[in-house]
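Taking it in order: structure first as structure tokens, then the write-up.
Residue numbers (my numbering): 3 to 557.
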């Protein structure tokens with residue numbers, strides 16, 4: 003869109019930029035009466051001085067512009083950490099090439115003077131182009147060509163590297179009541195950037211490497227079934243603070259962008275009393291991490307992403323689901339409750355809706371250390387005001403916080419009973435003129451040749467509840483089972499197999515003899531409901547034996 007609107011031609015978007023004394027005195031009542039009263043030129047004329055500019059911006063693409071490329075590789079290993087826990091370790095490396103950036107092709111990179119009190123920071127406009135009262139810099143200053151303002155050239159010469167190490171741990175899947183997975187992620191991202199589109203300590207064309215993002219992250223997913231009636235699941239994330247750069251609000255080096263890193267004035271060596279007092283007050287009230295960041299850089303221009311924000315925690319939606327058959331609800335009815343941003347809800351409950359502490363919200367750090375308040379053309383020094391909110395998480399003051407919401411979800415399936423549909427498809431076999439097996443739906447009438455036999459029906463349901471003891475015995479060496487544990491599992495394995503067989507055998511015998519046209523008969527529905535309860539019994543049996551097997555491993 004910018005390339006279309008900003009061509010530099012008379013038909014393109016035009017602008018008027020007025021700074022300092024060239025700014026027209028506003029007359030809001032006159033503007034409200036008629037649009038014709040709205041100024042169309044600066045107070046001293048569109049081209050009256052360096053502080054007035056009506057030349058257009060231009061946007062273009064570099065001839066060497068390319069799409070971004072990325073090379074990625076990973077190496078992972080997973081296995082048994084202990085008899086009770088699985089573990090995984092994954093290393094990922096990413097090299098991102100031809101990342102997009104921009105430069106101002108109309109920027110004159112010849113310094114006009116330096117700021118001696120800021121480590122000789124170069125300034126690319128003359129002192130006369132800076133408004134003494136405000137420190138604002140004329141937009142037409144520091145240009146190669148006076149026919150244009152900013153000429154934004156999109157380039158693709160940036161790159162970044164990311165190294166990530168992820169470790170995960172989870173229990174072995176023998177507990178249907180409680181499940182969880184914990185992962186730790188270490189991420190090191192370094193990226194190449196420049197002042198245009200980033201931050202600068204002087205020359206905005208200079209390239210510099212810097213770290214970014216959060217380094218440490220813990221992720222926990224979990225679900226628990228309470229009394230076999232309610233299932234609760236959620237996701238919790240704890241992250242180290244993101245990196246940020248102490249900045250100046252305003253243009254200091256004259257490149258036309260508010261992208262200058264702040265000079266960290268040492269109160270003990272600063273002659274400006276208001277600046278000295280402001281820095282002393284700030285250093286005495288900052289959080290420890292932000293205070294240490296500034297203390298390490300006193301008397302220098304702040305480094306790229308040299309400060310870190312605080313650790314933060316966030317919780318995903320909490321899903322609370324009723325298990326229909328446990329609360330005597332029809333299988334076609336489901337009831338659930340979803341809590342979005344639950345930590346925000348707890349925050350409001352504890353502190354009140356008008357005094358939120360920002361629980362569950364990402365911390366919003368104010369990176370502005372200094373505000374430009376003027377410029378002394380004689381001493382060639384900017385006048386600054388210290389921002390007392392620098393480095394403090396401004397979560398509660400953010401304009402938009404993610405709200406807490408509670409959603410009650412009640413669903414009723416209006417179609418045929420799902421369990422009955424699945425059973426019907428199993429018994430009918432292939433459809434008329436279609437494929438055989440279990441896939442299609444056939445018509446009524448007597449059983450056909452493609453219909454499953456008793457053993458096939460039994461195997462179909464047995465596969466839904468794999469024998470937990472058999473799984474443990476298959477991993478006897480990995481689990482390092484003792485002889486006593488092995489013997490105990492063998493005995494439980496036999497009892498579980500016999501119990502399951504005693505449930506599925508009569509069910510399969512009944513189903514194999516049930517004609518197709520009697521599946522939907524009212525008297526059969528009562529019988530089928532009893533059969534489905536038999537399936538639930540197998541589920542309870544599986545839970546019981548899985549717990550016994552796990553207890554045997556701990557003994």
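Yeah, the Cβ is synthetic: ideal placement off N, Cα and C, and Gly gets one too.
Closest in alpha carbon position to residue 365, among 392, 385, 387, 354, is 392.
A contact is defined here as three or more CB-CB pairs under 8 Å, and the segment 142–157 fails this definition with respect to the segment 72–87. Using a C-beta cut-off of 8 Å, the segment 327–345 makes no contact with the segment 264–283, since fewer than three inter-stretch Cβ pairs fall below that distance. In the three-state DSSP reduction, residue 179 falls in the coil class, being neither helix nor strand.
In this structure residue 515 is exposed. Its beta-carbon is surrounded by fewer than 16 other beta-carbon atoms within 10 angstroms. When DSSP reads this structure, residue 387 sits in a beta bridge with 373. Counting along the chain, the unbroken beta strand (DSSP E) around residue 167 starts and ends at 153–173. Proximity to residue 281 across 383, 245, 388, 335 peaks at 388, based on C-alpha coordinates. Going by DSSP, residue 124 is part of the beta strand (DSSP E) stretching over 123–125. As the crow flies, the alpha-carbon of residue 21 is around 22 Å from that of residue 198.
Per the Cβ contact rule, the segment 99–112 is not in contact with the segment 219–228 (fewer than 3 Cβ pairs under 8 Å). In the DSSP annotation of this structure, the continuous segment of the beta strand (DSSP E) that includes residue 100 starts and ends at 87–106. Around the beta carbon of residue 174, a 10 Å sphere encloses 16 or more other beta carbons of the protein chains shown; the residue is thus reported as buried. Residue 210 sits in a strand when the DSSP states are folded into three classes. Between the alpha carbons of residue 369 and residue 326 lies a distance of about 51 Å.
One alpha carbon belongs to residue 351, the other to residue 363, and they sit about 15 Å apart. When DSSP states are grouped into helix, strand and coil, residue 7 belongs to the helix group. Within the model, the alpha-carbon separation for residue 117 versus residue 383 is close to 6 Å. The shortest C-alpha to C-alpha distance from residue 349 to any of 406, 303, 8 is the one to 406. Inclusion of residue 236 and residue 317 in the CB contact set at 8 Å is warranted, their separation being smaller than that value. Burial of residue 386 is indicated by the presence of at least 16 other C-beta atoms within 10 angstroms of its C-beta.
The continuous alpha helix (DSSP H) containing residue 504 extends over residues 485–514.
Under the three-state reduction of DSSP, residue 294 is assigned to helix.
With respect to residue 240, residue 315 sits close: the two C-beta atoms are nearer than 8 Å. The alpha carbon of residue 482 has as its nearest neighbour, out of 268, 94, 85, 220, the alpha carbon of 85.
Taking every protein chain shown into account, the CB of residue 120 has 16 or more other CB atoms within 10 angstroms, so this residue is buried. Of the residues assessed, residue 453 falls on the buried side of the cut-off, its CB having 16 or more other CB atoms within 10 angstroms. Nearest to residue 291 by C-alpha distance, out of 479, 270, 310, is 310.
A distance of 8 Å or more separates the beta carbons of residue 261 and residue 123. In the three-state scheme derived from DSSP, where H, G and I count as helix and E and B as strand, residue 467 is classed as coil. Here residue 195 is bridged, per DSSP, to 210. Between the C-alpha atoms of residue 301 and residue 263 there is a straight-line separation of about 13 Å. In this model, residue 540 and residue 73 are separated by some 50 Å (Cα to Cα).
Distance from the CA atom of residue 13 to the CA atom of residue 373, rounded to whole angstroms, is 37 Å. Counting along the chain, no alpha helix (DSSP H) covers residue 17, and no H or E run does either. As computed with DSSP, residue 322 is found in a beta bridge with 234, 339.
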